[in-house]
Each structure stands twice: as structure tokens, then as C-alpha cells.
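Worksheet for the structure shown next.
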Amino acid sequence: MKAFHFIDEEVVSIIKPDDEGMFTVQIKASTNLLNAKNIIIATGMNDNIESSNIKNLAQFWGNSIFTCGYCHGFEYAGKKAGLYVNNEMFLKLMVPIVYNWNKNLTVFGSKTAIDHINEDDELKKREIKTVSHSSIAEIVGDETQIKSVILLNCDKIELDVLHYVPNSVINMKDLVTKWSRT
Ligand SMILES: Cc1cc2nc3c(=O)[nH]c(=O)nc-3n(C[C@H](O)[C@H](O)[C@H](O)COP(=O)(O)OP(=O)(O)OC[C@H]3O[C@@H](n4cnc5c(N)ncnc54)[C@H](O)[C@@H]3O)c2cc1C
């Protein structure tokens with residue numbers, strides 16, 4: 001006997017009439033409701049890269065542009081790396097991780113984030129380059145391999161790999177937030 005069966009459909013709502021009751025799950029393709037005592041919501045995140053307004057980002061995403069230097073740093077060890085992060089705390093976390101693999105590292109992002117990083121003596125003594133506060137306008141490369149980024153101020157930075165943190169969103173955030181402690 002099967003311990004589970006798989007339904008490949010979009011969930012549109014999860015409700016629970018009272019604390020003691022079962023969850024009721026509605027899927028998009030059917031009016032039939034599913035019932036469950038417990039639910040694991042694993043709907044993931046959407047990297048939402050379209051909202052970045054960076055031309056050609058999707059073409060290179062996951063191949064030579066990555067979020068996580070911890071996961072992907074080794075793939076481009078020793079190459080020209082860029083780190084483009086506008087969140088100062090995340091930038092502080094990512095600089096040593098990416099630098100571990102790439103001594104030729106250019107860090108760029110918002111003025112606030114870059115100023116914050118430049119205050120850190122540990123980074124200064126590694127001679128990590130920080131450049132312009134201009135945003136990325138466009139990625140240039142061959143097929144899925146990045147070659148350079150063009151900034152809004154027309155500066156060009158040549159790179160083999162870029163680490164970039166987009167404005168990711170949690171899928172089904174309302175449901176995840178609502179039911180996460182139940
Ligand atoms: C380019 C890239 C490289 C990565 N590299 C690494 C790596 O090297 N190492 C590592 O550990 N992690 C890596 N990650 C992160 C890793 O992919 C995620 O952490 C992992 O996939 C999360 O798994 P998940 O099951 O939580 O979500 P997901 O894999 O996002 O799966 C969520 C699923 O839920 C579905 N879904 C969403 N909403 C609904 C709905 N309403 N109804 C029904 N289904 C729905 C989605 O379609 C999707 O199939 C990488 C991510 C990216 C984008």
C-alpha cells in the first residue's frame with residue numbers, strides 16, 4: 001500500500017476552522033478540498049531577478065552569477081570575481097567567503113554598504129578593491145558566461161564570476177507566516 005500520493009497542482013489556500021480541527025487545502029485545478037492533520041509547507045523562494053532591472057541578468061543567473069559564494073565560490077576559484085551587494089550586513093558576511101576563493105575581488109554596491117565595508121580594517125589590509133556606488137545596468141558575456149558588468153555611470157568591470165543578492169521573496173509568505181507555529 002502506498003504511504004503517500006503526489007498531486008502536482010498549485011495550492012491556493014490553506015485554512016483551519018479552529019485549533020482542534022484539520023487543515024483544509026484548496027488546489028487551483030479542482031474544487032475538491034484536501035484535509036490534513038499536519039502540513040509541511042516547502043514552497044521555497046523566488047529570486048525575483050526581474051525586479052533587479054539589470055539587463056541580461058537571467059541569461060547568466062545560476063551559471064556565472066550566483067547568490068552564494070559559500071556554495072559556488074570553488075567553481076571559480078582564482079578567477080576575477082565581483083561581489084555586488086547592497087545590504088551592508090550581508091556584504092560583510094560575503095566578503096571573506098568570496099575572498100577565500102578569489103583574491104582578485106572587486107566589491108561594489110550602494111554607498112552605505114561600501115562605506116560600511118571600508119571601515120573594516122580586516123578588509124583594507126587584504127587590499128580588496130571597492131569601486132563606484134553606481135548600480136549595475138547590464139551584464140555582458142558569451143552564452144551563460146559573464147565577461148563584464150556595465151554600471152549606470154558607464155564604468156565597466158571585467159569579471160569571470162559575479163555574486164549578487166537579489167530581492168528574493170518567500171513564496172506563499174502569508175500562508176507560511178500564518179501557519180508556521182501551528
Ligand atoms: C542558482 C542557484 C544555485 C544554488 N546553489 C545551491 C548550492 O550549491 N547548494 C545549496 O545548498 N543550495 C543552493 N541553492 C539553494 C537551493 O536551491 C534552495 O535552498 C533549495 O532549492 C530550497 O528547497 P525548497 O524545497 O525549500 O524550495 P524549492 O526548491 O524552491 O521548491 C519549492 C517548490 O514549491 C513549489 N511551489 C511554490 N508555490 C507553490 C504552491 N502555491 N502550490 C504548489 N507548489 C508550490 C515550487 O514550484 C517549487 O517546485 C541554489 C539556488 C539557486 C537559485
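Residues in the sequence shown are numbered from 1 upward in steps of one, following full-length UniProt numbering. C-beta: ideal position from N, C-alpha, C; glycine also.
Under the three-state DSSP convention, the category Gly78 falls into:
coil
Quick check: what's the CA-CA separation for Val149 versus Asn35?
50 Å
Rounded to whole angstroms, how far is the Cβ of Lys55 from the Cβ of Glu138, which I believe are closer than 8 Å?
4 Å
Cα-Cα, which of Val107, Asp174, Ile39 is closest to Leu159?
Looking at the Cα atoms, Val107 is the closest of the given residues.
Along the alpha helix (DSSP H) that carries Lys129, what are the first and last residues, could you check?
Unbroken run through Lys129 is the beta strand (DSSP E), 129-131; no alpha helix (DSSP H).
Is the stretch 35-49 touching the stretch 126-146 in the sense that three or more CB pairs, one from each, lie closer than 8 Å?
With contact defined as three or more Cβ pairs closer than 8 Å, the stretch 126-146 and the stretch 35-49 are not in contact.
In chain order, what residues of the same chain lie with their CB nearer than 8 Å to the CB of Asn48, ignoring the 5 residues before and after it?
Pro166, Asn167, Ser168, Val169
Minimum C-alpha distance to Ala113 - residue among Asn104, Lys125, Ser180, Leu93:
Relative to Ala113, the option among Asn104, Lys125, Ser180, Leu93 whose CA is nearest is Leu93.
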